[in-house]
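Take the sequence shown: its letters are residues 5 to 184, numbered as in our numbering.
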Amino acid sequence: LPGATIVYPTHIVGELYHQQMAQDGIDFDTLQHVCKEYTLAGDYRTLMAQAQDLEYSVLTHYDPKATLQLTDMDLLNGRDESYLQAMCRKPTAGTEQEQCLVEQRALRIQFTLKTSQYATMCLRELLKEHMETATQGLTPNTAPTPSSSSVIQPVVARSEGDENAVPPAAAAAVVAGVQE
């Protein structure tokens, strides 16, 4: 973002900054004000970034309503990964619950992002989702499909006759648990 404390590029982009600000009647020398509160400092924004501490796991569960991610309340109550494993365990054989439920798989992703980086954008990149209005529910018939080159697609997508594919709803349940 333009301002008094940033170093402007010396190539064509720097020239474009100067031209645009001149058209808007802004002089670079006036960005630095004697009163510090009125100075427009400027800022750098990262164009591309990489998620830190990226971890993932494929979970097998039988209940579509099973908890797949520890909540803050779970952590306050002292629950750990063993609680999640118990929630995902197959019901006892012969019970009515066991007969109704089928094995499902879900992808759980955890990562750390820096300031002004967003988990939703990271997930869109991982899933190769587009940002056009078609993918935001406004025109569902024209929504683009994820690219076949997607690393996560084989885990998330369902294909005809593939019993090991993860239903999209199961993946969405885990994605919803990712915190920014």
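All C-beta atoms, glycine included, are put in the ideal place defined by N, C-alpha and C.
Quantities reported herein were computed from a predicted structural model and do not represent experimental measurements.
By the neighbour-count definition (other C-beta atoms within 10 Å, threshold 16), Ala110 is a buried residue. Taking every protein chain shown into account, the CB of Cys126 has 16 or more other CB atoms within 10 angstroms, so this residue is buried. For Arg109, the pairing in a beta bridge is given by DSSP as Thr64.
Under the DSSP assignment, Arg128 falls in the alpha helix (DSSP H) whose first and last residues are Ala123 to Leu131. Where Asp78 is concerned, the enclosing alpha helix (DSSP H) starts and stops at Asp76 to Leu80. For Ile16, the number of other beta carbons within 10 angstroms of its own is below 16, and it is reported as exposed. In this structure, Leu63 sits near Arg112, with a CB-CB distance shorter than 7 angstroms. Annotation for Thr71: Leu88 and Met91 place their beta carbon closer than 7 angstroms to its own, counting only its chain and skipping 5 residues before and after. Taking all protein chains in view, the Cβ of Gln108 is crowded by 16 or more other Cβ atoms within 10 Å, so the residue is classified as buried. Assignment of Thr116 by DSSP, reduced to helix, strand and coil, places it in the strand class.
Residue Gly7 holds the alpha-carbon nearest to the alpha-carbon of Leu44 among Gly7, Gly29, Gln54 and Glu85. In this structure Leu130 is buried. Its beta-carbon is surrounded by 16 or more other beta-carbon atoms within 10 angstroms.
Between Leu74 and Phe115, the CB-CB gap reaches or exceeds 7 angstroms.
Within a 10 Å sphere around the beta-carbon of His65 sit 16 or more other beta-carbons, which makes this residue buried.
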